[in-house]
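Have a look at the structure below, then the notes.
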Amino acid sequence: MLELGTQFELTISEISFGGDGLGRSESGAVVFVPFSAMGDKLLVEITQVRKSYFRARIVEILEPSADRVQPECIHFGRCGGCAYQHLSSQAEFAAKQKQLYDLLQRVGSFTTLPALTHAFPAPQLYGYRNKLNLEPSEALRDDHGVHLSYGYCLKDEHRFFTVRECPLAMPIINQNLSKALRSAWAKQNAKK
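Here it is as structure tokens:
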């Protein structure tokens, strides 16, 4: 029986909407595992028990999937923004295409769907965003005043962490991010 803290081996059979891997336990229970890739053989630990599914974390990657790659971002796994950076671009595209079909069949009640002949993967995986939506984190007080830090939301939390660069942003944004943050801090402290 699966309960909080139970560890067991699991093979990921697909990537669910939102990026979590999906596998089934020996008893057939659905288990969602963040940051897993289709084909991964994992040692996982149950972190959440729900009525119709479980959530687990990776304890160890026993046999990595051929689709697994090294994420570009140093914040991957901590940041709530990107869920697919650990997958090859081909695996990400295939997973998202399957998710679209699944949604159309489940939500749209389509029984048969034509092949997507005009679907194309993104031409640029990194350096394409022309803006970042950074949120202010908690104010930090020191001898020089109050400082605000800006960043992204932590995965599955409502707390923020400071971001110094984001691989999704255009290079010019990353080059000027620290200057923009210093300017925001200066304006914030000038109001005090």
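Position 57, counted from 1, in the sequence shown is what my numbering calls 64; the numbers after and before it change by one each time, with no gaps.
Backbone N, C-alpha and C define an ideal beta-carbon position, used for all residues, glycine too.
query, result
"So, is the C-beta of K105 closer than 8 Å to a C-beta in chain C?", "Looking at the structure shown, chain C is missing, and only one protein chain is on hand."
"Helix, strand or coil, according to DSSP, for K162 in the structure here?", "coil"
"Helix, strand or coil for E99? Go by DSSP, reduced to three states.", "helix"
"Out of Q104, N137, V114, which has the shortest C-alpha to C-alpha gap to P121?", "Q104"
"How would you write the range of the beta strand (DSSP E) that A63 sits in, first residue to last?", "61 to 70"
"In whole angstroms, give me the CA-to-CA distance for I179 and R136.", "10 Å"
"Buried or exposed: where does E99 fall if 16 or more other Cβ atoms within 10 Å of its Cβ makes it buried?", "buried"
"Would DSSP call S20 helix, strand or coil?", "strand"
"According to the neighbour-count rule (16 or more other Cβ atoms, all chains shown, within 10 Å of its Cβ), is F39 buried or exposed?", "buried"
"Any chance the region 50 to 63 sits against the region 79 to 99, with 3 or more Cβ pairs inside 8 Å?", "no"
"Do you know offhand how far E142's Cα is from R85's?", "15 Å"
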